[in-house]
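Peer 1: Numbering (the numbering used here), first residue to last: 1 to 1080.
Just so it is clear, CB atoms sit at the ideal spot from N, CA and C, and this is done for glycine as well.
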Amino acid sequence: MSDRPIDHSEREFAKNQTDVNISLEAGAGTGKTTVLIDRYLELIKSGIPIEEIAAITFTVKAAREMSWRIREKLEQLRDESTRGIEREYIENALINFNKATIKTIHSFALSMLKERPFEASVDPELVIGELENDEIDTLFRRWLASLSEYEVAVLSKAIKTGLSVDNLKNTLKILLDSLDLLPAIEEEEQPPQVIPLIKEKIEETDEIVNNQLKGSTDDKLYKNFLNLKEAVESLECEDNLVSLLDIKIKQNLGIAPNWKDKQFVLNTINDAKSYIDSQVNVWCSWVSNRLLLSIVRLINMIYERKRELSILTYDDILIKARDLIRNNPEVRDYFRKKYRYLLIDEFQDTDPLQVEIAYLIAGSGDSTDWQSTKLRDGSIFIVGDPKQSIYHFRRADLPTYRHAEDILVGQGEKKMLYSNFRSTPTIINWVNKTFSEIIGEAGDEHIDPPYTPIRAHISDETHIKHSSIVFLLPKIEDVCELKRVDEFREVEANYIASTINKIVSNGWKIRTEDGVRSISYGDIAILYMANTQNTIYEQAMLNYNIPYAFINADHILEETHEIKGLKTILEAIRNPYDDLAVLGALRSSFFAISDEEIVDYYIHHGKPDITREIHSNGHISIALNILHSLHSNFINRPIYELIDEITASTNLFLRTPILRKDRLVNSLMELIKSTAIERAEDSTFTLRTLINHIDNLKADNEKKTINLYDPHENTVKLMTIHQAKGLEFPVVILAKLCSGKPRGGPGNVIKDFLGRRIEVKFTKTIKTSGYDSLAEKEGLIEDAENRRLIYVACTRARDYLIIPLITSPEKDMVLSGQYEYFKDKLPSPQEVYENNHLGKVVDNCYYIDPCELEMKEREPRSDLMKILKMNEPTEEYEKERSELVKERQSFLNREESISMALMTPTGIEEFEKYRSDEEMEKAGIPKKREVGRLVHEIMEKVKLDGSNINELTELICEYEDEKTRENIKEMVARILSMPVIERNRETARFIREMPFTYQYDNEQIVSGRIDLVIIDNDELIIVDYKTDSIKEGEWKKRAEDVYKEQMLTYRDAIEASTGKRVREIYLLNPFYGEYRIDQE
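1. Among E857, K825, E852, N211, which one has its Cα closest to the Cα of D843?
2. Work out the CA separation of G27 and E558 for me, nearest whole Å.
3. Among the residues of its own chain, which have a CB less than 7 Å from the CB of E613, if the five just before and after it don't count?
4. How is K764 classed by DSSP in three states: helix, strand or coil?
5. Three Cβ pairs or more, each shorter than 8 Å: is that satisfied between the segment 65–75 and the segment 108–122?
6. Going straight from the alpha carbon of E597 to that of I620, what length do you get?
7. Give the DSSP-derived three-state secondary structure of L659 in the structure shown.
8. Suppose you measure from the CA of D1078 to the CA of K856; what does that come to, to the nearest Å?
9. Please report the Cβ distance between L245 and V280, rounded to the nearest whole angstrom; I am assuming they are in contact, meaning their Cβ atoms lie under 8 Å.
10. Is the beta carbon of C738 closer than 8 Å to that of F488?
11. Leaving aside the five residues before and after R861 along the sequence, list all residues of the same chain whose C-beta is less than 8 Å from its C-beta, in chain order.
12. Using DSSP with H/G/I as helix, E/B as strand and the rest coil, what is I458?
13. Are the beta-carbon atoms belonging to T101 and D345 less than 8 Å from one another?
14. If you draw a straight line from the C-alpha of L24 to the C-alpha of K414, how long is it?
15. Buried or exposed for K103, please, with buried defined as at least 16 other CB atoms from any protein chain shown within 10 angstroms of its CB.
16. Taking M1085 as the reference, which of I382, I311, R422, R395 has the closest Cα?
17. Would DSSP call R1009 helix, strand or coil?
18. Helix, strand or coil, according to DSSP, for F591 in the structure here?
19. So, do the segment 316–334 and the segment 353–364 have three or more beta carbon pairs nearer to each other than 8 Å?
20. Looking at V792: is its Cβ nearer than 8 Å to the Cβ of Q388?
21. Taking the alpha-carbon positions, what's the L580 to D1018 distance?
22. Assess contact between the segment 211–227 and the segment 355–370, defined as three or more Cβ pairs (one per stretch) separated by less than 8 Å. Is contact present?
23. Taking the beta strand (DSSP E) that K414 belongs to, which residues open and close that run?
24. So for V20, helix, strand or coil by DSSP?
25. What are the boundary residues of the alpha helix (DSSP H) that includes N133?
26. For a test of the three-state rule: what should DSSP assign to V165, helix, strand or coil?
27. Compare the Cα-Cα distances from Y1066 to each of K1060, E1074, G1059 and report the closest residue.
28. Where G932 and V749 are concerned, what is the direct C-alpha to C-alpha distance, given to the nearest angstrom?
29. Closest by CA to R1063, which one among W1035, I1022, Y1050?
30. Put S364 into one of helix, strand or coil per three-state DSSP.
31. Using 8 Å for Cβ pairs, my map puts E940 next to E993. What's the rounded Cβ distance?
32. Could you give the first and the last residue of the continuous alpha helix (DSSP H) run that contains C794?
33. Quick test of your reading: D1116 and G946, contact by CB under 8 Å. State the CB separation rounded to the nearest angstrom.
34. With DSSP as the reference, label T205 as helix, strand or coil.
35. Using the Cα positions of K866 and I981, report the straight-line distance between them to the nearest angstrom.
36. Does the pairing of the segment 386–406 with the segment 444–454 give three or more beta-carbon distances under 8 Å?
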């Protein structure tokens, strides 16, 4: 094959026709950024000053790489150029390269605001960030207090139909990212009077039904109608309106002989019910619309507070920049002259505000509507691929992209790139065949554009062993009895790990710039949809001695104790009299002090104290002196130095080489420290602020991913498909796609960017008038994006694409999860087994024979150290660890010599001795433990205002059915609404899952965790969650007979370990409410 790609003419046109506006649609691996850079260089060579060109891309990393590539190319062109004038242009560009605008869209917009701060109404010294949660809560309370009588009436109606504070705050959080779509505040409008219309309709229907009845009034259809009629007649106000929606007209009731015309009666009743429902929905829409307008007033209060503090979020930056150029003709003309040429990469990922900014700058004339502006010739060049539009959740909007493209093409040209330089022909052919019928299935080009095939530029794949497309199926006996998602994923993880070792040890070959070499671990990436159940895959990597790295911070923020430990240490340093923070700091990974050591210290030395220097010996004394030193010196030194000292003085990474992700923890620690450095001169940045920043890290990560990817590490990379966007790997393995449910579905807030409107669902019934119609379209958008997401994953592969098909052929299970989109495009596991394809290449696809894989038993987590071959502990560490273990055991060993037993508080409860489902079944105990476990797991992480109930339930209960998820969500919401939580939520401090070890009655050591400890005025309140579903009359009896002893044990333990009095003890049961334990 010629070195010239088959789309060479399109590339040349895009590069050289700099006076033509061009939309370049470029498939995966086609080198679209290279074409953009070539056009940039052509502009320079033609005499355009470098400061008049703006190159915009999606990420900071991409912008830096593009800047480096452009500079390198300019230097190369300067050395090669023979034309004097052209060389002069290039040299001028290099001299003025510091003036080049090669940025992300946010950086580009920010630079405009700082250049024209007066017209933009911003402080030149503005701070990029979010308003603190405490500030928002204060404004929320102020807003509630300031509601007019009319607004109170609206809110009251919403509450009576199911609205909670949690619903309200969740909606507010989303709306804060949608300022450009919020409606203007309107005058007060009276509610629609629907009850008279409903009653009138039911009276008309009643007359018809009675005229048609000729038999007994016991007819079931008649009774069904009477149920509806009585509900309507009992209406006196709107409070019970929504209950009418729950009344169903059953279509199979009634006996024909009882009616003159039964079908006519049924149709009449159905028409009446439809009319009633429509009127109820009219009223619900009015409530929702008015409530939304009231919330807009709250958002304006928040926005005004941010203005006072000179704080802008990333969305605020875009809105301000758009308003700056849209509302100021002089400023708009200024930037049009400054940036004569815009080159925008990854255009399919831009959001509508970014499109608006770009088109207004590239336009001409006085129009302030980007959709009607006349573009200057050659002023804009966009590069994108609608097949790779996967950021809808970050406001990327494919309909806007397609509409913008239509406008540009109407004033320019569209060109296509389809020569793929990345993947083997086998991968490309399989991708085209598989996705040609999957992408574009929705039938709407603006939602799901038709598939455009790519073509392999590479022709030589002789290095490939078997085939580039590899399917991985399990042994039947390994999956035939599996039922749960996590069980299938555990099998999948182990098969993936075994396969990795097989292809590495067998020396499968990959392409390099210099030829061919054997695969190493660093060539392999495992891609998946979401960061759920990562520990399953992590365990498999460890079990098979495979070096690995998770390439994002979510895994750390969700699952490690190091970041939580840092927070606790900072709390203790900030307030050394916070006994619980001091105890938490000692127990953290930074000091690794056990509960037994703390108990021992308390018995011999009293309460741990970091306000003074400790002169006794021992591990815990050293830790207390370190905390004392940190506290004593933190006021007189920068916060970022404090973080370094915490890490150095506690010897975190020496003490805990067992950490599977120490490199990632270190990277995240550096990320936290970098924030402290950036705000070193900010007098408002305190330890409290830093602690809040750590709390908000995960929320920030959802908006701009913290990517810790290092391509030079010889480790298997595990990352989401979104994180893999823009990357490529010799070997790609798709994981978690055969199980679970597809991502997405309409949320509570839906945005229509082209229509410039927003629709909101506050509760099941309280939703704005256009929500349902827009939700249907949103569902199609999400569904289409899910299909494209798998396309993106597959096109990251250079040499091998490995697809596990982990399902149970004996049960004829249908492939679930994302694979449901593939339908008949993938081989059927049943067919593979029946036709004996294993170990063979069939239709250019290789099926690994599972019998050739070396499978291992999964080792328990306690044995991680034994198998962590790539991070062997040093002799020094082994000695230190051995001494530490001996020291930790000394107390228990001493107590064992006098026959002291170790037990848990739950061991006090007789029925909790049953550990397995089988034992519980034999004992006649219902299998409620799973729901209870899930409720407890959510309560460990849920915000006490309930603002993250939905996302936590979706994450933790991923493999549960929808009904179970809704039940669990409701149980958590009920617990959070109980009085002891409500009255202490704003003023008290909460400690969750507080561990303790306590010597009880001089006979036993009790070890366990307390669900929730509330600190109020130096006194404690103990809260324990119970999810027993028993007869209501038995709840109080069980509380007294079974749980009271357990709770009193909690009290004794917490009072002994903290020296604080336990004022109250509560059991919270979502079925039976709050129960206070009498301590007498």
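Peer 2: In short:
1. The sequence position of residue 843 within the sequence shown is 843, counting from 1. The shortest Cα separation from D843 among E857, K825, E852, N211 belongs to K825.
2. In the sequence shown, the residue the question calls residue 558 occupies position 558. In the sequence shown, the residue the question calls residue 27 occupies position 27. Bear in mind that a pLDDT of 45 at E558, under 50, signals an unreliable position, so the number given afterwards is only what the model happens to contain. If you take the alpha carbons of E558 and G27, they lie about 35 Å apart.
3. Along the sequence shown, read from residue 1 onward, the residue named residue 613 stands at position 613. For E613, where only same-chain residues beyond five positions count, the Cβ hits under 7 Å are N625, H628.
4. Here residue 764 refers to the residue found at position 764 when the sequence shown is read from its first residue. Here K764 sits in coil by DSSP.
5. Counting Cβ pairs under 8 Å, fewer than three are found: no touch.
6. Indexing the sequence shown from 1 puts residue 597 at position 597. Indexing the sequence shown from 1 puts residue 620 at position 620. Taking C-alpha positions only, E597 is separated from I620 by approximately 7 Å.
7. Counting from 1 along the sequence shown, the entry for residue 659 is found at position 659. With a pLDDT of 37 at L659, under the threshold of 50, the modelled position of that residue is not reliable, and no figure is offered here.
8. As a first step, residue 1078 is located in the sequence shown; it is residue number 1078 there, counting from the start. As a first step, residue 856 is located in the sequence shown; it is residue number 856 there, counting from the start. The straight-line gap separating the alpha-carbon atoms of D1078 and K856 is approximately 53 Å.
9. What you label residue 245 is simply residue 245 of the sequence shown in a count that begins at 1. What you label residue 280 is simply residue 280 of the sequence shown in a count that begins at 1. In this structure L245 is in contact with V280, their Cβ atoms being roughly 6 Å apart against a cut-off of 8 Å.
10. For the purposes of this step, residue 488 is taken as the residue at position 488 of the sequence shown. For the purposes of this step, residue 738 is taken as the residue at position 738 of the sequence shown. Closer than 8 Å, so yes.
11. The count along the sequence shown starts at 1 and reaches residue 861 at position 861. At R861, the pLDDT of 39 sits below 50, so the modelled position is not reliable and the matter cannot be decided from this model.
12. Here the question's residue 458 lines up with position 458 in the sequence shown. Note: I458 maps to coil in three-state DSSP.
13. The residue you call residue 101 lines up with position 101 of the sequence shown. The residue you call residue 345 lines up with position 345 of the sequence shown. No, these two residues do not count as a Cβ contact at 8 Å.
14. By 1-based counting over the sequence shown, the position of residue 24 is 24. By 1-based counting over the sequence shown, the position of residue 414 is 414. When rounded, the distance between both Cα atoms is 6 Å.
15. For the purposes of this step, residue 103 is taken as the residue at position 103 of the sequence shown. It is buried - the Cβ of K103 has at least 16 other Cβ atoms within 10 Å.
16. With the chain running from 1 to 1080 in the structure shown, residue 1085 is simply not present.
17. The residue given as residue 1009 occupies position 1009 in the sequence shown. Looking at R1009 - three-state DSSP - the assignment turns out to be strand.
18. Position 591 of the sequence shown, counting from 1, holds the residue named residue 591. In this structure, DSSP gives F591 a state outside helix and strand, which the three-state scheme calls coil.
19. Yes, they touch.
20. In the sequence shown, residue 792 corresponds to position 792, counting from 1. In the sequence shown, residue 388 corresponds to position 388, counting from 1. Yes, the pair counts as a contact, with Cβ atoms nearer than the cut-off.
21. If you number the sequence shown from 1, residue 580 lands on position 580. If you number the sequence shown from 1, residue 1018 lands on position 1018. Near 11 Å, if we compare the C-alpha coordinates of D1018 and L580.
22. They do not touch, by the three-pair rule.
23. Here residue 414 refers to the residue found at position 414 when the sequence shown is read from its first residue. Per DSSP, K414 belongs to the beta strand (DSSP E) from 413–417.
24. In the sequence shown, residue 20 corresponds to position 20, counting from 1. Three-state DSSP puts V20 in coil, outside helix and strand.
25. Working through the sequence shown from its first residue, we reach residue 133 at position 133. According to the DSSP assignment, N133 belongs to the alpha helix (DSSP H) that extends over 133–146.
26. Residue mapping note: residue 165 aligns to position 165 of the sequence shown, counting from 1. For V165, the three-state secondary structure derived from DSSP is helix.
27. Taking the first residue of the sequence shown as 1, we reach residue 1066 at position 1066. With respect to the C-alpha of Y1066, the residue from K1060, E1074, G1059 having the closest C-alpha is E1074.
28. Locating residue 932 in the sequence shown gives position 932, where the first residue counts as 1. Locating residue 749 in the sequence shown gives position 749, where the first residue counts as 1. Their Cα atoms are separated by approximately 30 Å.
29. Position 1063 of the sequence shown holds residue 1063. If we check each option's Cα against that of R1063, I1022 comes out closest.
30. Your numbering for residue 364 matches position 364 in the sequence shown. S364 falls in the strand class under three-state DSSP.
31. For the purposes of this step, residue 940 is taken as residue 940 along the sequence shown, with counting starting at 1. For the purposes of this step, residue 993 is taken as residue 993 along the sequence shown, with counting starting at 1. Contact flag correct, Cβ pair sits at about 6 Å.
32. For this step, residue 794 is matched to residue 794 along the sequence shown. Run containing C794: 771–794, per the alpha helix (DSSP H) assignment.
33. No statement about residue 1116 is possible, as the shown extent of the chain runs from 1 to 1080 and does not include it.
34. Against the sequence shown, residue 205 aligns to sequence position 205. Annotated three-state conformation of T205 is helix, per DSSP.
35. For the purposes of this step, residue 866 is taken as residue 866 along the sequence shown, with counting starting at 1. For the purposes of this step, residue 981 is taken as residue 981 along the sequence shown, with counting starting at 1. With a pLDDT of 36 at K866, under the threshold of 50, the predicted position of this residue should be treated as unreliable, though the coordinate-derived value follows. Their Cα atoms are separated by approximately 44 Å.
36. Contact annotation: the segment 386–406 touches the segment 444–454, with at least three C-beta pairs closer than 8 Å.
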